[in-house]
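S.K.: Structure provided below as structure tokens; questions to follow.
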Ligand SMILES: Cc1cc2nc3c(=O)[nH]c(=O)nc-3n(C[C@H](O)[C@H](O)[C@H](O)COP(=O)(O)O)c2cc1C
Ligand code: SF4
Ligand code: SF4
Ligand code: FES
Ligand code: FES
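Protein chains in written order, with this note's numbering: chain P, 28 to 660; chain U, -16 to 183.
The following block contains the structure:
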């Protein structure tokens, strides 16, 4: 990746004080020409998967070939995810901020010629407002971004995460310098308490309270104390933490160092899913650079405070994100939750007082310390302060990562930022909190998205995955999906979870076949209660939530399955039939050619017929038909 | 001494005791299956759940691992407790239909039939892990272990590779609450190092 500054050689700078940090920052900024064009190419996991690295390469070649005047040769910067992954690969041309979407290497030559040389926009690559069809030129004018408030994500998409000078230029490590030079550890804890910050890993536990309890535990048990980052992020559809670790690794690291300072910890751990190689690499690079600059390791900023951290690769099981399972996994044992009623702040990693916080929680910490708890507490709502990052997926136009103040209505996120459901119909429900959360129905779309309101609606914040469902999603099927996921991902130790999730899923399997009685619904509810009450860890005790909330809000849909033997969403295979609308069928024969059961017959240019007896309900005909003639009933 | 209440009766316990230990001391019945005083508790079966109450707040905890504390209010036979017990027993009955111990325990709590179909009529192991724990903690070996996770969890050789460290002491067979280990002993323990140390 490309560094802005040539004068900065890692190793030659061991910062000795806050003043040193500021001097360095000023130097980096002074070497930059704000008017110099810069091509920002998203290198988040989503855009990389769509070939953004090839786009970057094409830019290098094209710029060399164009022979642009040496004084105005544009810089190329690769950044973390901009959040608008469904439009990637994204390219932004600064300083104007021209926003190009779905850029492929073959567009590059034109961008260089039209935009960089002639100063014009390449219109076909601009974002078009789907409602008004207006062309939008810059990022900040796109509705997807306009309604967001990017606080935790403020650097992502702007900085090169592999170059610490970019982070320092953007104000990174200012909070650490401030704390080390002007605050006692106790004051750091106090600030976090006053900010009202609650843990972003799911349960929303007040972070300051957790740190305070750890201080109390240390009084009794002494040190060492450990600080640990939970980067296990295993919810299907969640990628907030990955994005933060990839796009702004220093923010997580700075938050961790601040926590270590507050608690007097000398060793920290970052537990990151092994499936996140890019996040791990960026964190490793960030740690090496921070060490070289004297921001991590021995005698940080010459303050006398020493702290270092290491990365542990997660074993890949969802349950390893649970605090005690995570500790056993770091200790080198199989990641099973501990059967103990002790709090991690008293007896966590290696039996020592431990503070475990989520990636996003840590990324909030430097902002609070730098700008003050009062500023932070003014964001969001009183009981849920700050912002929250969500990954918006499912049946929504703008799939991506969004950050909003706590307490905004669900509808604002899905309909305004997300642009609503692709076919323009209202959404059916939003699943929040992944396999531990629940479905909020359309009629509750005004629900404020904060910890307590979501819990009151029967769901939970969880880590921040938001899956939008429309009328082609079946609640029975959704329940089966999450239960199947958890059956595999549970540690399997306790019986309510290991046996109960399978039995719940089997009852739902029956429903999906149109079998079952109202008694089964009652049994399902009381079994769900037993699993909630009986399971050893929160994986099991929260696992019934998707089923319980859908039973609460979509009872009729369950009844349709068992009473009328129908799946209103047209998902449960045993309850649907495919047929061909003779009015719409043109007799093109393509479905008949694709059907694996060869059960579609008809002459060329005449309406075709599906033999319902032989039909496998695979839906291939429906996908194949260009005339929407295949219908489900 | 620590004073608290079980089913509204005052009880006293030594510091470090669990709620289960205290209940047993007072002859208060709480069913257990995966608990054994000789090894550490794993809190796996959840039959020993009891309800803690404080005003309108209440929650269920596993009594075999819940440490006593001054002023606790413990209830051993509430509706929520019975609901967990009933479902665990119904599921156990279907999971281990061949174990007379489980059939008896279920019957004691009026669970005679299970609404669930049995998948293996010969199964007796419910993967409580007592066998593995006695081997590791008491015998000092780890000749057997629980392997895999989720619904695939089972008793087997550590890392699913049979070892030759089993001394055939039979402790696992003795501790097994369902008679399962008797049946699977030879298939999980690998080649014994020596038969001379056999104690059973
Ligand atoms: C099954 C399970 C999985 C979890 N996975 C994660 C995870 O991937 N990331 C995370 O931060 N917290 C996860 N948690 C929550 C953690 O146990 C813990 O509460 C959290 O990391 C604390 O950090 P916070 O206070 O900053 O939220 C999980 C909990 C459970 C029960
Ligand atoms: S609830 Fe599930 S994941 Fe948690 S301890 Fe029990 S079996 Fe393991
Ligand atoms: S063999 Fe017996 S002791 Fe071992 S896990 Fe199975 S039931 Fe428990
Ligand atoms: S990866 Fe590029 S916008 Fe998300
Ligand atoms: S006896 Fe307590 S969980 Fe099994």
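Even glycine gets a Cβ: it sits at the ideal position worked out from N, Cα and C.
Entirely within the segment 306 to 367 of chain P and at least 3 residues each: give me those beta strand (DSSP E) ranges in chain order.
M.R.: List check, beta strand (DSSP E) in window: 335 to 341.
S.K.: Measure the alpha-carbon distance for residue 277 of chain P versus residue 65 of chain U and round it to whole angstroms.
M.R.: Numbered from 1 along the first chain, position 250 holds the residue referred to as residue 277 of chain P. Numbered from 1 along the second chain, position 82 holds the residue referred to as residue 65 of chain U. Cα-Cα distance, rounded: 51 Å.
S.K.: So who's on the other strand from residue 458 of chain P, going by DSSP bridges?
M.R.: Taking the first chain and counting its residues from 1, the one referred to as residue 458 of chain P is at position 431. P:466 and P:494.
S.K.: What ranges does the beta strand (DSSP E) occupy inside the segment 31 to 107 of chain P, keeping only unbroken runs of at least 3 residues that lie completely in it?
M.R.: Runs found: 65 to 69 and 102 to 106.
S.K.: If you draw a straight line from the C-alpha of residue 91 of chain U to the C-alpha of residue 13 of chain U, how long is it?
M.R.: In the second chain, residue 91 of chain U corresponds to position 108, counting from 1. In the second chain, residue 13 of chain U corresponds to position 30, counting from 1. Their Cα atoms are separated by approximately 12 Å.
S.K.: Just to confirm the assignment: which complete alpha helix (DSSP H) runs, minimum length 4, are found wholly within the segment 67 to 127 of chain U?
M.R.: Listed in chain order, they are 83 to 91 and 113 to 116.
S.K.: Leaving out the 5 sequence neighbours to the left and right, which residues in its chain are closer than 6 Å to residue 177 of chain U when beta-carbon positions are compared?
M.R.: Locating residue 177 of chain U in the second chain gives position 194, where the first residue counts as 1. Summary for residue 177 of chain U: the model assigns pLDDT 47, below 50, so the residue's position carries little reliability; its value from the coordinates is reported in the next sentence. Taken in chain order, the list of residues that qualify is empty.
S.K.: From P:287, P:299 and P:356, pick the residue whose C-alpha is nearest to that of residue 323 of chain P; which is it?
M.R.: Looking up residue 323 of chain P in the first chain gives position 296. Nearest option by C-alpha distance: P:287.
S.K.: Check whether the Cβ of residue 15 of chain U sits closer than 6 Å to any heavy atom of ligand 5, and report yes or no.
M.R.: Reading the second chain from its first residue, position 32 is the one you call residue 15 of chain U. At least one heavy atom of ligand 5 is nearer than 6 Å to the Cβ of residue 15 of chain U, so yes.
S.K.: Does the beta-carbon distance from residue 510 of chain P to residue 528 of chain P come in below 7 Å?
M.R.: Looking up residue 510 of chain P in the first chain gives position 483. Looking up residue 528 of chain P in the first chain gives position 501. Taking 7 Å as the Cβ cut-off, residue 510 of chain P and residue 528 of chain P qualify as a contacting pair.
S.K.: Which chain P residues sit within Cβ distance under 8 Å of residue 136 of chain U?
M.R.: Within the second chain, the letter at position 153 stands for residue 136 of chain U. The contacting residues are 518, 519, 520 and 525.
S.K.: Using a Cβ-Cβ cutoff of less than 8 Å, which residues in the same chain neighbour residue 165 of chain P once the five nearest sequence positions on both sides are dropped?
M.R.: On the first chain, position 138 is the one that residue 165 of chain P refers to. The residues are 123, 124, 125 and 126.
S.K.: Is it the case that the CB of residue 78 of chain U approaches a heavy atom of ligand 6 more closely than 6 Å?
M.R.: The ligand content of the structure shown is limited to ligand 1, ligand 2, ligand 3, ligand 4 and ligand 5, which means ligand 6 is not among them.
S.K.: Check for me: the beta strand (DSSP E) holding residue -13 of chain U runs from which residue to which?
M.R.: The residue labelled residue -13 of chain U in the question sits at position 4 within the second chain. Run containing residue -13 of chain U: -15 to -11, per the beta strand (DSSP E) assignment.
S.K.: What does a CB cutoff of less than 6 Å around residue 166 of chain U pick up in its chain, not counting 5 residues either side in sequence?
M.R.: What you label residue 166 of chain U is simply residue 183 of the second chain in a count that begins at 1. None.
S.K.: Which chain U residues are close to residue 367 of chain P, counting only those with a beta carbon under 7 Å from its beta carbon?
M.R.: Here residue 367 of chain P is taken as the residue at index 340 of the first chain, counted from 1. Correct list: 48.
S.K.: So is residue 490 of chain P buried or exposed if we call it buried at 16+ other beta carbons inside 10 Å?
M.R.: Translated into positions along the first chain, residue 490 of chain P becomes position 463. Under this definition residue 490 of chain P is a buried residue.
S.K.: Please report the residue range of the alpha helix (DSSP H) in which residue 573 of chain P lies.
M.R.: As a first step, residue 573 of chain P must be located in the first chain, where it is residue number 546. Where residue 573 of chain P is concerned, the enclosing alpha helix (DSSP H) stretches over 572 to 580.
S.K.: I believe residue 387 of chain P touches residue 227 of chain P by the beta-carbon criterion, under 8 Å. Please report the beta-carbon distance rounded to the nearest angstrom.
M.R.: Start at 1 with the first residue of the first chain, and residue 387 of chain P comes out as number 360. Start at 1 with the first residue of the first chain, and residue 227 of chain P comes out as number 200. With 8 Å as the limit, residue 387 of chain P and residue 227 of chain P qualify as a contact, their Cβ atoms being about 4 Å apart.
S.K.: Rounded to a whole number of angstroms, what is the C-alpha to C-alpha distance between residue 43 of chain P and residue 122 of chain U?
M.R.: What you label residue 43 of chain P is simply residue 16 of the first chain in a count that begins at 1. What you label residue 122 of chain U is simply residue 139 of the second chain in a count that begins at 1. Each residue's alpha carbon lies about 56 Å from the other.
S.K.: How is the alpha helix (DSSP H) around residue 556 of chain P delimited, first residue to last?
M.R.: Within the first chain, numbered from 1, the residue matching residue 556 of chain P stands at position 529. Start and end: 545 to 561.
S.K.: Got a sec: is the Cβ-Cβ distance from residue 72 of chain U to anything in chain P below 7 Å?
M.R.: Within the second chain, residue 72 of chain U is the residue found at index 89, counting from 1. It does not; no Cβ of chain P falls within 7 Å.
S.K.: Report all residues from its chain with a CB closer than 7 Å to the CB of residue 160 of chain U; omit the five preceding and five following residues, and keep chain order.
M.R.: Taking the second chain and counting its residues from 1, the one referred to as residue 160 of chain U is at position 177. Cβ within range, chain order: 16, 84, 111 and 113.
S.K.: What residues from chain P crowd round residue 99 of chain U, counting only those whose CB sits closer than 7 Å?
M.R.: Translated into the one-based positions of the second chain, residue 99 of chain U becomes position 116. Ordered by position in chain P, the residues that pass the 7 Å Cβ test against residue 99 of chain U are 530.
S.K.: Looking only at its chain, what residues have a beta carbon closer than 7 Å to the beta carbon of residue 78 of chain U, apart from the 5 residues adjacent to it on each side?
M.R.: Residue 78 of chain U sits at position 95 when you count from the first residue of the second chain. Only 106 and 109 meet the Cβ criterion.
S.K.: Please go through the same chain and pick out, in chain order, the residues whose beta-carbon is closer than 8 Å to the beta-carbon of residue 155 of chain P, but skip the five residues on each side of it.
M.R.: Within the first chain, the letter at position 128 stands for residue 155 of chain P. Cβ neighbours of residue 155 of chain P beyond the five flanking positions: 161, 162 and 163.
S.K.: To which residues of the same chain is residue 580 of chain P closer than 6 Å at the C-beta, ignoring the five residues directly before and after it?
M.R.: Sequence index remark: in the first chain, residue 580 of chain P carries index 553 (1-based). Taken in chain order, the residues that qualify are 468.
S.K.: Do we get a CB-CB distance below 7 Å when we pair residue 33 of chain U with the residues of chain P?
M.R.: Indexing the second chain from 1 puts residue 33 of chain U at position 50. With 7 Å as the cut-off, residue 33 of chain U does not count as an interface residue toward chain P.
S.K.: Do the segment 70 to 78 of chain P and the segment 103 to 117 of chain P meet, that is, are 3 or more Cβ pairs less than 8 Å apart?
M.R.: The answer is yes - the segment 103 to 117 of chain P touches the segment 70 to 78 of chain P, with three or more Cβ pairs under 8 Å.
S.K.: Under 7 Å Cβ to Cβ from residue -7 of chain U, same chain only, skipping five residues before and after it: list those, please.
M.R.: Residue -7 of chain U sits at position 10 when you count from the first residue of the second chain. Here the set comprises -14.
S.K.: Where does the unbroken beta strand (DSSP E) through residue 417 of chain P begin, and where does it stop?
M.R.: Start at 1 with the first residue of the first chain, and residue 417 of chain P comes out as number 390. Its beta strand (DSSP E) spans residues 414 to 421.
S.K.: Are the CB atoms of residue 516 of chain P and residue 299 of chain P within a distance shorter than 7 Å?
M.R.: The residue labelled residue 299 of chain P in the question sits at position 272 within the first chain. The residue labelled residue 516 of chain P in the question sits at position 489 within the first chain. Going by C-beta atoms, residue 299 of chain P is not nearer than 7 Å to residue 516 of chain P.
S.K.: When you compare the CB of residue 15 of chain P with every CB in chain U, is at least one pair closer than 7 Å?
M.R.: Absent from the model: residue 15 of chain P. The displayed extent of chain P is 28 to 660, so no value can be given.
S.K.: I need the DSSP call for residue -4 of chain U, collapsed to helix, strand or coil.
M.R.: Numbered from its first residue, the second chain carries residue -4 of chain U at position 13. In the structure shown, residue -4 of chain U sits in a strand (DSSP, three-state: E or B).
S.K.: For residue 41 of chain U, list the residues DSSP reports as bridge partners.
M.R.: Position 58 of the second chain, counted from the first residue, corresponds to residue 41 of chain U. Paired residue(s): U:36.
S.K.: Going by CA-CA distance only, name the one from P:262, P:281 and P:144 that's closest to residue 198 of chain P.
M.R.: Taking the first residue of the first chain as 1, we reach residue 198 of chain P at position 171. It is P:281.
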